[in-house]
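Structure first, then comments.
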Amino acid sequence: MKHARNGGPDIAFRVGRRVVSAVADDMSTMQRVGAGVVAALVAVTPFGAWSKVEAQADPVVAGAAIEVGPFDLTVVRAVKTGDLGYLTPAPGNHMLALVVDVTNTSDVPEYSSTLGSAIPAPKGVDVVPQESLTDLAADLGTDLGTDAGAEPGAEPSASASPEAREAPELPPATIVNVADATTVRILNPGVTYQVALIWQQSDEFTGDEIPVEVVGLDWIDESRLTLDNGYWLPADVAFQGDIPLKDNTDRTAAPEDQQ
Amino acid sequence: MRHGRRLITWKGSLLVVGGVVAGCALVATVPQEAVVETPFVVEGAVGETLDLTYADLTVTEVRVADTLESFSETAQAGGTFVVVDATWRATQGATSFLGAEIADTEGRVFWPTDQAGCSTSAKAQPGYAWHVTYCFDVPKDALAGATVRLARGGQAEEYAGQRRDAAGVVDLGISAADARELWDATETVTTESPGYATARAEGSEE
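Chains as they are written, first to last, in our numbering: chain B, 1392 to 1650; chain H, 2 to 207.
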């Protein structure tokens, strides 16, 4: 005696089996395995299988020591001011200084540019961007009269892409020794310096804190691309946090006075 | 005259095998890289003139300072500045002297600063002594037993510029007791620009 079959899931199963049979019957074992892998990948896609894994950054807190590459760092304070040592802001800007205590804990000297690569310019706080080569080329073209025949109101230069305009490259910090306002180039092992990482910031920024990111540094024994030996390579953001910004723009003094 | 096939003898086989074994043993036991790549280090003391083949080197004076002054700049040490006065007398031709570093007893190395008129390198024509002042910012525990290494080749990338070449290593003569005194003292050194060495600065040659 035949029993009535339940509908619903059973029908779906039978249809699925027929589809699989129709597709897989003529396949070799390897082809079946490959098709199975592809099907599995498609199945996990809606669950974020391709989403970039974001590393969790630890907090940056003023006064707390953190370890990055060969450096022990302590963010001391952030200050905005007018003239800072030999650095003078352009009209409409002021200087933004992030004061940091830094000790090179390795056995060999490090260039201060390595420290600069670990602490990029704060984003979203109107740090004056680095004049890009595209802009320079556009300026040069304008100076040479190559845009003379352009329509009034047309874009100054087609080479300046919208992306470049939207996300201008921020400059590396100028690094100055707070004790004497001289430029620090070498950080010798075991010596603690208080340095100021300095950028120009637009006067339009009126916030009372800045976001600070500290990028991790990975040691590269030998680069596969350039074959350069032994250097620190900036990696992902390892620490981030908001640091209160002290306003000293009514004062003009050397960095050591920006207390 | 001998004709026909040559015979493989035990003696001949033994000679070939022995040669191969001896060659392998030679390659395996002799540290060839160290032999051909290690710089030829010439050691000395302050005031002693070292013959580096391409130049005569004399470290004439060693001082310690918290502050360096030049006509345009004043520099404060993070640790303390070890100020090394030296003269180079090139003996073969115009020579650039790029290597300058201090090493401490723990194996740490320290590079010179270019602050306040100090030199990080030098270039001299042959036939006369050229005076240079190197300044190194070092921590307290690096002073005792420190040595300075000066050479025409640079020290970057594991002394790549000094391979198969001479380098002078001079003991700065700082004892543990000296180190404590030097660290506590608050000295200011006014640096001199590089230039022709005076008779005083030429060291033991005079």
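Yeah, the Cβ is synthetic: ideal placement off N, Cα and C, and Gly gets one too. Here the structure is a predicted model, which is why all the values come from computation and not from measurement.
Quiz item: Shortest alpha-carbon distance to Q116 of chain H belongs to which of H:A123, H:E107, H:Q126 and H:S71?
Solution: H:S71
Practice problem: For R1576 of chain B, go through chain H and note every residue whose CB falls closer than 8 Å to its CB, in chain order. | Solution: T114 and D115
Self-check item: Three-way DSSP call (helix, strand, coil) for L1487 of chain B in this model
Solution: strand
Quiz item: Does any CB atom of chain H fall closer than 8 Å to the CB of G1598 of chain B?
Solution: no
Exercise. Report the residues of the stretch 120-144 of chain H with a CB closer than 8 Å to any CB of chain B, ordered along the chain.
Key: F137, D138, V139, P140, D142 and A143
Quiz prompt | Separation of A87 of chain H from E62 of chain H, as counted between CA atoms | solution = 7 Å
Self-check item: Closest Cα partner of T1479 of chain B within the set B:D1416, B:P1559, B:D1463 and B:T1565
Solution: B:T1565
Quiz item: Quick one, are the C-beta atoms of S122 of chain H and A143 of chain H less than 8 Å apart?
Solution: no
Self-check item: Sequence-distant residues of the same chain with beta carbon closer than 8 Å to V1467 of chain B, five excluded per side
Solution: A1453, G1454, V1490, V1491, D1492 and Q1585
Quiz item: Can you name the residues that DSSP bridges to N1579 of chain B?
Solution: DSSP, once it has assigned bridges, lists no residue as partnering N1579 of chain B.
Practice problem: Using a cut-off of 7 Å between C-beta atoms, extract the partners of A76 of chain H located in chain B. | Solution: D1571 and T1573
Quiz prompt | Option in B:P1520, B:F1404, B:G1425 and B:D1416 with minimal Cα separation from S1593 of chain B | solution = B:P1520
Quiz item: Would you call the CB atoms of V149 of chain H and I103 of chain H closer than 8 Å?
Solution: yes
Quiz prompt | Opening and closing residue of the alpha helix (DSSP H) in which W184 of chain H lies | solution = A177 to D185
Quiz item: Residues of chain B with a CB under 7 Å from the CB of R109 of chain H: which are they?
Solution: D1498, P1580 and G1581
Quiz item: Quick one, are the C-beta atoms of P40 of chain H and A168 of chain H less than 8 Å apart?
Solution: yes
Quiz item: Any idea what DSSP makes of P1625 of chain B, helix, strand or coil?
Solution: strand
Self-check item: Between the CA atoms of T59 of chain H and V65 of chain H - distance to the nearest angstrom
Solution: 18 Å
Exercise. Would you kindly report the start and end of the unbroken beta strand (DSSP E) that includes Q1422 of chain B?
Key: Here Q1422 of chain B belongs to no beta strand (DSSP E); instead the alpha helix (DSSP H) covers T1420 to V1435.
Quiz item: Which full runs of the alpha helix (DSSP H) of 4+ residues lie inside the stretch 3-54 of chain H, going along the chain?
Solution: 11-30 and 33-38
Self-check item: N1620 of chain B classed as buried or exposed, judged by whether at least 16 other C-beta atoms fall within 10 angstroms
Solution: exposed
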